[in-house]
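Everything below concerns the one structure shown next.
Residue numbers (my numbering), protein chains in the order written: chain Z, 557 to 808; chain R, 970 to 1536.
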């Protein structure tokens, strides 16, 4: 459903994403992990059509995001890591606006808006300007906006940041159900327990390159890691020993 | 832990701001290279020269007038500085709101062990610099002209600096104090109410300043009973308790060669006293005000009005375009920093129309046909300039203001053409209405012929379409995604280039129309029938072609640039 072919992104002489290729089949929740600055957000933003790749291409359901952007983006729902929305619109107005961007309107959309606001417990806030929303509420609103047009693919960058435990649990359930019905999710996260519990497959990116990919048992096998947790595996693959030493120094 | 905390120096608190400015300058230089700097310096230099030239001529004339000359020069300086002080108070109120209550660094500073005095001084310094740099630059050519004409010598430079600095500090302290009080009076982050008051205050201020200046008295000395009355008016200080008057007195006494230390002393002691009182006020009220500014906005909006009215009118459009237009209109009218400027705009338009009405063209003697047509024709250029200023303020920032939400627009299947289309018409339709009203009303007041009426209305329509497109195109070419305040966006390099291009366009259109209008005026003046000849048709064609090109090309370039945006 999502296919990355030799995807590369340069910022001047800095290589943020270095020739990565990956395939996320339909009906799968795929985790995308990596340390800060590894290239996760850049990759996800290229998949969402926000950034243009220096080289390579992104296909969503067979459509090239940069050559057939409208067709590819109709299938996509993107949830960014920073919840920037129009402060002077109300929550309901924002959702109606986003639906309009996908060419959808009418009673069906009004019902869908009510439904999503209800699910995310924002109904009593629907006529409040977004400027009055907390970080978590904005995040819930953005998640609702990504679901409003019933996408086939969700690309999500750090979805749990700012969410209360109840909303985080709800989001996990929504993603699992979405995948259960044939949807596809590509999710970057730093919460490794969440990734281990939720993801069918995982890719780990470091210095712009994918250093490991597969199911968690696959990864353990590939890297002869025994029965360690995903966190241990992640630290092993991304230079975690150094981090542990640092933690010891700071803890003294 | 006990004991006193070592306080960071004031410089340390201000350092991030200074470093940010330096980095921005460095980035601007790297982006545009020397070309950009040269354009900026040339434009600034030409502006300075223009101001200096005009002042030089006026002061040279004043110097030639016995007795009255120095009085008139002093009065002129007093009026200019009074206008500056009024502008500065308004500008400081708005800037103080941002720097004392809404700035992003406040969370860090307020939570750090920085004492109230350092915080106040750092923020006051920031406010004064932000709001006064433009006025300070404007004062340079003005005082240079005074210094040259009245032989101020080399010492005039430090003396002028010594005089102007406290004059800039005082409105800063007053502005910050006013903001502090307003934020404390109004509940929780009601910046809308606050800024409405500021806008209305500004409008009132303009009218008040206009009355204070009493320009009609100075323009018509024959209106006084005798010369003594006129001299008395000139000698009377415009407003004896204002720092502008003290600064004027100090400067004029220096230029006359008899330095009076009192006004300078008044300026500095008042500035010191005001800073002290301001600091004490800050100590008492800042914590409460800052807390109120953090509280939720609690803005409950039903917002079905726009959907029912404009939404119904836009039914024939695609959903995406309709929603985009509705969104832009809602955002505009819910953002006080945007719509409040319409009040000032209305005042300016009234003053503009009033000035045309006051022209002595239809007094007594038969109508000066030539002058009426000349004024009507040149009015096109002036109206075009007014429209360009409005477009710079409202249309130029349109693309920049989408910056933080661009993730949504770029990841959705919205066609960028639709986005640009919506932005263009949301800006152009009101501008077109204003353009037609401005030109139509002034033409009616001038009692122009139907030929001139048709020519000017058609031209202003074409110009408006082009000016909007230029504003949007340049806005996309030079976006300011980091700036949150829409009012700051037009003061960028892109805004300057837009204004320069628009002035060139206005010049080209007026030049192309000149022959056609001249042929018409000549024919009527000589009593011959007006014949639409090849010259006229040629002129109109050139205008149409220039305006069409100035509409289509910037939009195409803007679209191309938007397609390359990366976030």
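Where is the CB? At the ideal position from N, CA and C, for every residue including glycine.
Computed from a predicted structure; not experimentally measured.
**Item:** Spatial neighbours of residue 1099(R) in its chain, beta-carbon cut-off 6 Å, leaving aside the 5 residues before and after
**Value:** Only 1064 meet the Cβ criterion.
**Message:** Taking DSSP's pairing of strands, which residues face residue 1218(R) in a bridge?
**Reply:** None; residue 1218(R) has no bridge partner.
**Among 1461(R), 1375(R), 1341(R), nearest to residue 1414(R) - alpha-carbon criterion** = Distance check between residue 1414(R) and each of 1461(R), 1375(R), 1341(R) places 1341(R) closest, using alpha-carbon atoms only.
**Prompt:** Does the beta-carbon of residue 1251(R) have 16 or more other beta-carbons within 10 angstroms, so that it is buried, or is it exposed?
**Reply:** Residue 1251(R) should be labelled buried.
**Message:** Whole angstroms are fine: how far does the CA of residue 648(Z) sit from the CA of residue 1535(R)?
**Reply:** Our two residues, residue 1535(R) and residue 648(Z), have alpha carbons roughly 28 Å apart in a direct line.
**Request:** Decide yes or no for the touch test of the region 1030 to 1043 of chain R against the region 1211 to 1230 of chain R: beta carbon pairs closer than 8 Å, at least 3 of them.
**Result:** Output reads yes: the region 1211 to 1230 of chain R touches the region 1030 to 1043 of chain R.
**Request:** For residue 769(Z), write down the residues that DSSP places opposite it in a beta bridge.
**Result:** Residue 769(Z) pairs with 759(Z).
**Prompt:** Alpha carbon to alpha carbon, how far is residue 1188(R) from residue 1403(R)?
**Reply:** Annotation note: pLDDT 49 at residue 1188(R) (below 50); position unreliable, coordinate value reported separately. Approximately 31 Å between the Cα atoms of the pair.
**Request:** For residue 996(R), return the contacting residues in chain Z, with the cut-off set at a CB-CB distance below 9 Å.
**Result:** At a beta-carbon threshold of 9 Å, none of the residues of chain Z lie near residue 996(R); the nearest stands roughly 13 Å away.
**Asked** Which residues bound the beta strand (DSSP E) around residue 1373(R)?
**Response** Neither: residue 1373(R) is in no beta strand (DSSP E) and is coded neither H nor E.
**Message:** Whole angstroms are fine: how far does the CA of residue 1068(R) sit from the CA of residue 1096(R)?
**Reply:** Looking at the two C-alpha atoms, the distance is approximately 6 Å.
**Message:** With a threshold of 8 Å between beta-carbons, can residue 1376(R) be considered close to chain Z, or not?
**Reply:** With 8 Å as the cut-off, residue 1376(R) counts as an interface residue toward chain Z.
**Asked** Quick one: what does DSSP say residue 1447(R) is sitting in, helix, strand or coil?
**Response** DSSP places residue 1447(R) in coil when its eight states are reduced to three.
**Request:** Report buried or exposed for residue 609(Z), applying the criterion of at least 16 other Cβ atoms within 10 angstroms of its Cβ.
**Result:** Buried.
**Prompt:** residue 1504(R): buried (16+ other C-beta within 10 angstroms of its C-beta) or exposed?
**Reply:** The residue in question, residue 1504(R), is exposed, as its Cβ has fewer than 16 Cβ neighbours within 10 Å.
**Asked** Would a check of beta-carbon distances place residue 814(Z) closer than 8 Å to chain R?
**Response** Nothing in the structure corresponds to residue 814(Z), since chain Z is present only between 557 and 808.
**Request:** Report the neighbours of residue 641(Z) on chain R: residues whose CB is nearer than 8 Å to its CB, in chain order.
**Result:** The contacting residues are 1374, 1377.
**Asked** Hey, quick one: how far does the alpha helix (DSSP H) through residue 1153(R) stretch, first residue to last?
**Response** For residue 1153(R), the uninterrupted alpha helix (DSSP H) run begins and ends at 1125 to 1154, by DSSP.
**Request:** Using a cut-off of 8 Å between C-beta atoms, extract the partners of residue 606(Z) located in chain R.
**Result:** Simply 1375, 1376, 1379, 1380, 1535, 1536.
**Asked** If you measure from the CB of residue 749(Z), is any heavy atom of the ligand NAP nearer than 7 Å?
**Response** You won't find the ligand NAP in this model; it holds no ligand whatsoever.
**Message:** Tell me which residue opens and which closes the beta strand (DSSP E) that residue 652(Z) is part of.
**Reply:** Membership of residue 652(Z) in any beta strand (DSSP E) is not indicated; the residue belongs instead to the alpha helix (DSSP H) covering 647 to 657.
**Item:** C-alpha gap between residue 621(Z) and residue 646(Z), whole angstroms
**Value:** So the alpha carbons of these two residues sit roughly 30 Å apart.
**Request:** Decide if the region 716 to 732 of chain Z is in contact with the region 560 to 575 of chain Z; the criterion is three or more beta carbon pairs, one per stretch, under 8 Å apart.
**Result:** No, the region 716 to 732 of chain Z is not in contact with the region 560 to 575 of chain Z.
**Prompt:** What are the complete alpha helix (DSSP H) segments, minimum 4 residues, inside the region 1349 to 1412 of chain R?
**Reply:** If we require 4 residues or more, the alpha helix (DSSP H) runs fully inside the region 1349 to 1412 of chain R come out as 1375 to 1380.
**Message:** Between the region 788 to 797 of chain Z and the region 767 to 778 of chain Z, can you find at least three pairs of beta-carbon atoms closer than 8 Å?
**Reply:** Yes: the two stretches touch, three or more of their Cβ pairs being nearer than 8 Å.
**Asked** With DSSP run on the structure shown, which of helix, strand or coil describes residue 1522(R)?
**Response** Three-state DSSP puts residue 1522(R) in a helix.
**Request:** Spatial neighbours of residue 1372(R) within its chain, please: CB distance less than 7 Å, with the 5 preceding and 5 following residues excluded, ordered by chain position.
**Result:** Once the five neighbours on either side are set aside, the close Cβ partners of residue 1372(R) are 1448, 1450.
**Prompt:** What residues from the region 1273 to 1289 of chain R come within 8 Å of chain Z, judged by C-beta to C-beta, listed N to C?
**Reply:** Residues of the region 1273 to 1289 of chain R with a C-beta less than 8 Å from any C-beta of chain Z: 1287, 1288, 1289, listed in chain order.
**Message:** Between which two residues does the alpha helix (DSSP H) holding residue 736(Z) run?
**Reply:** Segment 721 to 736, the alpha helix (DSSP H) holding residue 736(Z).
**Assumed close pair residue 1137(R), residue 1057(R) - CB separation to whole angstroms, cut-off 8 Å** = The beta-carbon distance between residue 1137(R) and residue 1057(R), rounded to whole angstroms, is 7 Å. This is short enough to meet the 8 Å contact definition.
**Request:** Report the rounded CA-to-CA distance for residue 1509(R) versus residue 1395(R), giving the unit in angstroms.
**Result:** Answer to the nearest angstrom: the Cα atoms are 28 Å apart.
**Message:** Less than 8 Å between C-beta atoms, sequence neighbours within five positions excluded: which residues of the same chain meet that for residue 1107(R)?
**Reply:** For residue 1107(R), where only same-chain residues beyond five positions count, the Cβ hits under 8 Å are 1020, 1053.
**Prompt:** Along chain Z, in chain order, which residues have C-beta atoms closer than 8 Å to that of residue 1296(R)?
**Reply:** Near residue 1296(R) (Cβ distances below 8 Å), the residues of chain Z are 642, 645, 649, 653.
**CB contact flag (residue 1135(R), residue 1237(R), <8 Å)** = Yes.
**Asked** The beta strand (DSSP E) with residue 592(Z) in it runs from where to where?
**Response** Per DSSP, residue 592(Z) belongs to no beta strand (DSSP E) and is neither H nor E.
**Request:** Using only alpha-carbon positions, find the residue among 592(Z), 586(Z), 758(Z), 591(Z) that is nearest to residue 734(Z).
**Result:** Ranked by Cα distance from residue 734(Z), the first of 592(Z), 586(Z), 758(Z), 591(Z) is 586(Z).
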